[in-house]
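Single-structure report; data block below.
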Amino acid sequence: MKLILVGFGNVGRGLVRALVQKRNFFLKEHGMSCEIVAVVDGHGAVVDENGLSFRRLLRMVEEGNLIGSERKLGVEIIREVDADVVFELTPTNIKTGEPGLTHIKTAMRTGKSVITSNKGPLVVAFRELEELAKKRGVEFRYSASVGGAVPVIGLAKRILMGNEVLAIRGVLNGTTNYILTRMAQEDAPFDIVLKEAQELGIAEKDPSLDIQGIDTACKITILANSVLGIDAKLGEVKTKGISGVTPEAIRLAREAGFTVKLVGIASKRTLEVGPKLVPIHHPLAVSGTLNAVTFEVDLAREITISGFGAGPRETSSSLLGDLVDVYQAISQRG
Amino acid sequence: MGAIQVRLEMELEDIPGQLVRALEPISRFGGNIKSVVHRRERKTQLGMVPVTVVLEVGEKERFNRILSELKSMGVRITHVGEREEMKKRVVLISGPLTIEELDEITKRVGELKGTKISDVSLAMESVGGGMAARLTISGRSDRSLDSAFSLIESIAEKKRFLLMKSVEEGG
Ligand SMILES: NC(=O)c1ccc[n+]([C@@H]2O[C@H](COP(=O)([O-])OP(=O)(O)OC[C@H]3O[C@@H](n4cnc5c(N)ncnc54)[C@H](OP(=O)(O)O)[C@@H]3O)[C@@H](O)[C@H]2O)c1
Chain A
17 MKLILVGFGN
27 VGRGLVRALV
37 QKRNFFLKEH
47 GMSCEIVAVV
57 DGHGAVVDEN
67 GLSFRRLLRM
77 VEEGNLIGSE
87 RKLGVEIIRE
97 VDADVVFELT
107 PTNIKTGEPG
117 LTHIKTAMRT
127 GKSVITSNKG
137 PLVVAFRELE
147 ELAKKRGVEF
157 RYSASVGGAV
167 PVIGLAKRIL
177 MGNEVLAIRG
187 VLNGTTNYIL
197 TRMAQEDAPF
207 DIVLKEAQEL
217 GIAEKDPSLD
227 IQGIDTACKI
237 TILANSVLGI
247 DAKLGEVKTK
257 GISGVTPEAI
267 RLAREAGFTV
277 KLVGIASKRT
287 LEVGPKLVPI
297 HHPLAVSGTL
307 NAVTFEVDLA
317 REITISGFGA
327 GPRETSSSLL
337 GDLVDVYQAI
347 SQRG
Chain B
6 MGAIQVRLEM
16 ELEDIPGQLV
26 RALEPISRFG
36 GNIKSVVHRR
46 ERKTQLGMVP
56 VTVVLEVGEK
66 ERFNRILSEL
76 KSMGVRITHV
86 GEREEMKKRV
96 VLISGPLTIE
106 ELDEITKRVG
116 ELKGTKISDV
126 SLAMESVGGG
136 MAARLTISGR
146 SDRSLDSAFS
156 LIESIAEKKR
166 FLLMKSVEEG
176 G
């Protein structure tokens, strides 16, 4: 498999590290061998059609930079370089979906399968991208866009295939879950805990997408489209954030056996995000930066999974799962 | 949540094993026996012993099965007293909320058919000068609870309180 990586930030570097480290495992377990033929970031690209050497790749990961890059754009590399799969790992833009949207379309139009962790293009053009992939006969996977390492989409679309999914409820944002957990533990107000989270690097400098619930709403939009088959738009998700949650409210909740979580809900009846009361022993009541998702389905009733929702190594779990999946799909086609 | 409590009065023959035999279908069909009163001293003229059993059962259907099983065993049922438990839901509101507004919410929920606010806990908020309140809504049915919740929701929206309900309801 020849791979192009577009985006060499936290996720891109984590992916390279995991790929290099686990190359023998993939060969032995799945018969899949991979070469990275190009890596692109916002400044340039490194290309070797025979596969970049692992040493060079690891050095670039260490230095956090593309070494010896040429001034080329993602679209040019995607169009010109021969490859099987493009990993689209650039920053999220939920208004335009760019630059990811153009990267993904270009890849599909030039016959390449796409794996992405980027919510932007999915939120802006889910249907269009699914249809384009089908039309061009390429594979399209986006497990890492929801739940980080937690196999939310794979569980719903594959393992639970015999069930109809009726509703999805999820704690899908690690930053806000960390903040709410700390507010509960320390009986501390939102602003102070947010500052702590920023100092620890858990919350971004501009945390507004997380705390306003918009990141969760993006994930709910993606789940509604991919799992429930609803042509949902981000604007249709009734969204409330957590900045109005107070330590006093959390305490009153606790006295009645509840914890407060930012929960996204997708069903045929509602698309919403907001702080909710979660019974303390409910499996969604995960703490810290953990994510958790409960599927309400017709046969199995309720299934909940939880795990790490972010982090470069954790996210590579989903990206590489998608890669093996794409490899198997391509191999079966012959 | 929709459990019902039933008081079952019956008459059993005064021979050993009758009580155990009569209680067996109750647990077999998922009933939860709360109390049993065996009144030997109040034997009927026909020599039967009155027994009162209070049991809790998840849904009406199960209870009907217990009842028909008892009847088919020949147990003489003299009285069935059914009492539907009040359903409860907890909601939390917080923000620029005053005691007067809280009173008004309590009053308006109480005016709805079959619902009331059965418990209120308050806390003054250290930031923002608002108040947090935990309300327990009691109602006869899910429907009446839903309408009480919608009422609170519409008030919260108008007055810009934050309203939180349990993730296990709705959606
Ligand atoms: N971090 C996580 O744990 C996580 C988990 C799940 C999903 N995601 C999603 O995964 C994506 C990547 O996240 P990240 O944390 O790796 O972000 P990041 O650290 O900001 O990295 C973004 C990378 O994209 C590159 N880039 C920006 N514009 C580009 C362009 N026009 N063409 C080519 N490359 C471009 C950047 O290059 P320059 O440095 O040159 O600008 C950088 O290498 C995001 O969409 C994020 O939401 C992240």
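Taken in order, these protein sequences are the chains called A and B. So the first sequence is residues 17 to 350, counted in the numbering used here. So the second sequence is residues 6 to 176, counted in the numbering used here. Cβ coordinates follow ideal geometry from the N, Cα and C atoms, glycine included. Remember, it's a predicted structure, so these values are computed and weren't measured experimentally.
Between A:Gly-217 and chain B, the shortest Cβ-Cβ separation is not below 8 Å.
Remark: C-beta atoms of B:Ile-38 and B:Leu-24 do not approach each other more closely than 8 Å. Per DSSP, A:Ser-334 is one residue of the alpha helix (DSSP H) stretching across 328-349. Chain order gives the chain A residues near B:Ser-171 as Phe-274, Lys-292, Leu-293, Val-294 and Pro-295, where near means a beta carbon separation below 8 Å. Considering only A:Lys-150, A:Leu-82, A:Met-177 and A:Lys-235, the residue with the shortest C-alpha distance to A:Pro-137 is A:Lys-235. DSSP places A:Ser-259 outside both helix and strand once states are collapsed to three, so it counts as coil. Along the region 252-266 of chain A, the positions whose C-beta sits under 8 Å from a C-beta of chain B are Lys-256, Gly-260, Val-261, Thr-262, Pro-263, Glu-264 and Ala-265, read in chain order.
The C-alpha of B:Val-54 is placed about 59 Å away from the C-alpha of A:Leu-287. If you check each beta-carbon in the region 188-211 of chain A against every beta-carbon of chain B, the ones closer than 8 Å belong to Pro-205, Phe-206 and Asp-207. Between B:Ser-149 and B:Lys-118, the C-beta spacing is below 8 Å. Counting along the chain, the unbroken alpha helix (DSSP H) around A:Lys-151 starts and ends at 135-152. The C-alpha of B:Leu-75 lies about 57 Å from the C-alpha of A:Leu-250. The DSSP-derived three-state label of B:Arg-44 is coil.
Going by C-alpha positions, B:Glu-130 is about 41 Å away from B:Glu-64. Counting other Cβ atoms within 10 Å of its Cβ, A:Phe-41 stays below 16 and is therefore classed as exposed. Among the residues facing chain B, A:Arg-157 is not included, as its CB has no counterpart in that chain under 8 Å away.
Scanning chain A for C-beta atoms nearer than 7 Å to the C-beta of B:Glu-130 yields Thr-262 and Glu-264, reported in chain order. Beta-carbon to beta-carbon, A:Val-162 and A:Leu-239 are separated by about 6 Å, close enough to satisfy the 8 Å threshold. Boundaries of the alpha helix (DSSP H) around A:Gly-116: 116-125. Chain-ordered, the chain A residues with CB closer than 7 Å to the CB of B:Gly-100 read Gly-260. Rounded to the nearest whole angstrom, the C-alpha separation of A:Gly-178 and A:Glu-86 is 49 Å.
Using a Cβ-Cβ cut-off of 8 Å, A:Leu-300 counts as an interface residue toward chain B, since at least one Cβ of chain B sits closer than that to its own.
Residue contact with chain B for A:Leu-335: absent (no Cβ-Cβ distance below 8 Å to any residue of chain B). For the region 21-91 of chain B, the full-length beta strand (DSSP E) segments reaching 3 residues or more read 37-43, 53-62 and 81-89 along the chain. For A:Gly-350 and A:Gly-23, the gap between their C-alpha atoms comes out near 30 Å.
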